[in-house]
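Visitor: Mapping to my numbering: the sequence shown position 51 is 51, numbers consecutive. Below is the structure I would like to discuss, written out as structure tokens.
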Amino acid sequence: MSDPAKVRRHAERVRELVASVVRSQIKDPRLGMITITDARITADLRDATVFYTVLGDATAQADTAAALESAKGLLRSTVGKALGLRHSPTLTFVLDDVQDQVKHIDDLLAAARNADAEVQRLAARAAYAGDAQPYRLEDETDEADEVADVDVPETNTPRGGEAR
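Here is the structure:
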């Protein structure tokens with residue numbers, strides 16, 4: 001197994017190399033407004049997964065995926081030469097759906113804000129079901145004094161049952 005720090009460095013280098021080659025060397029008209037967001041490489045340094053986002057609709061995403069698939073050989077040879085490894089890692093391109101996740105999280109936060117506003121609105125009209133202060137306060141000593149005034153008869157019988 002390889003060192004995890006070495007794997008991370010290679011993954012970062014793969015991301016930088018792919019982004020550079022896509023920007024400067026690939027002249028495919030199908031390639032849209034692409035951003036290489038991340039790259040992950042296996043511990044044996046043989047397989048690399050490159051994550052990307054595309055600005056545009058589903059057709060732009062499909063066209064960009066096709067352009068990356070056709071340029072995979074050029075990208076793999078460039079990455080292999082630059083990394084200096086014995087085996088060039090195979091490249092797999094995955095569309096990063098960060099924007100969809102961000103939209104989903106924004107929708108969830110908006111729903112939570114609306115629910116909080118509804119709870120605040122209901123709490124403003126709420127009233128206590130019983131007393132506002134259900135617990136005994138120290139000022140209410142009248143009942144405690146009455147209980148203390150009751151005389152309890154004393155017996156001289158010890159605890160064992162027999163008198164001495």
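Backbone N, C-alpha and C define an ideal beta-carbon position, used for all residues, glycine too.
Leaving out five residues before and five after residue 17 in sequence, what residues of the same chain have Cβ atoms less than 7 Å from its Cβ?
Guide: For the purposes of this step, residue 17 is identified with residue 17 of the sequence shown, where counting begins at 1. Contacts found: 78, 79, 82.
Visitor: Classify residue 53 as buried or exposed, calling it buried when 16 or more other Cβ atoms lie within 10 Å of its own Cβ.
Guide: The residue labelled residue 53 in the question sits at position 53 within the sequence shown. Buried: at least 16 other Cβ atoms inside 10 Å.
Visitor: Does residue 66 get closer than 8 Å to chain C when you measure Cβ to Cβ?
Guide: Within the model displayed, chain C is absent; a lone protein chain is all it includes.
Visitor: Which first and last residues belong to the beta strand (DSSP E) in which residue 37 is found?
Guide: Residue 37 sits at position 37 when you count from the first residue of the sequence shown. Here the beta strand (DSSP E) through residue 37 covers 33-41.
Visitor: Name the one or two DSSP bridge partners that residue 47 has.
Guide: To locate residue 47, count along the sequence shown from 1; it is residue 47. The partner list for residue 47 (beta bridge, DSSP) reads 90.
Visitor: Under 8 Å, do residue 67 and residue 28 count as touching if we go by C-beta distance?
Guide: Start at 1 with the first residue of the sequence shown, and residue 67 comes out as number 67. Start at 1 with the first residue of the sequence shown, and residue 28 comes out as number 28. A contact, by the Cβ cut-off of 8 Å.
Visitor: Of the choices 22, 2, 127, whose alpha-carbon is the least far from that of residue 93?
Guide: Counting from 1 along the sequence shown, the entry for residue 93 is found at position 93. Closest by alpha carbon: 22.
Visitor: Start and end of the alpha helix (DSSP H) containing residue 74?
Guide: Locating residue 74 in the sequence shown gives position 74, where the first residue counts as 1. That run of the alpha helix (DSSP H) goes 72-83.
Visitor: If you check the beta carbons only, do residue 34 and residue 71 fall under 8 Å apart?
Guide: For the purposes of this step, residue 34 is taken as the residue at position 34 of the sequence shown. For the purposes of this step, residue 71 is taken as the residue at position 71 of the sequence shown. No. Outside cutoff.
Visitor: Going by DSSP in three states, residue 95 sits in which element: helix, strand or coil?
Guide: Here residue 95 is taken as the residue at index 95 of the sequence shown, counted from 1. DSSP places residue 95 in strand when its eight states are reduced to three.
Visitor: Give the straight-line distance between the Cα atoms of residue 57 and residue 32, rounded to the nearest whole angstrom.
Guide: Numbered from its first residue, the sequence shown carries residue 57 at position 57. Numbered from its first residue, the sequence shown carries residue 32 at position 32. Spanning the two alpha carbons is a distance of roughly 10 Å.
Visitor: For residue 52, write down the residues that DSSP places opposite it in a beta bridge.
Guide: Numbered from its first residue, the sequence shown carries residue 52 at position 52. Paired residues: 36, 95.
Visitor: Taking residue 165 as part of the alpha helix (DSSP H), name the residues at either end of that continuous run.
Guide: Any answer about residue 165 is impossible in this case: the structure gives the chain only from 1 up to 164.
Visitor: Output needed for residue 87: all residues of its chain with C-beta closer than 8 Å, excluding positions within five of it in sequence on either side, in chain order.
Guide: On the sequence shown, position 87 is the one that residue 87 refers to. 45, 46, 80.
Visitor: Express the C-alpha separation of residue 100 and residue 13 in angstroms, rounding to a whole number.
Guide: Along the sequence shown, one-based indexing puts residue 13 at 13. Along the sequence shown, one-based indexing puts residue 100 at 100. Rounded to whole angstroms, residue 13 to residue 100 spans 27 Å at the Cα level.
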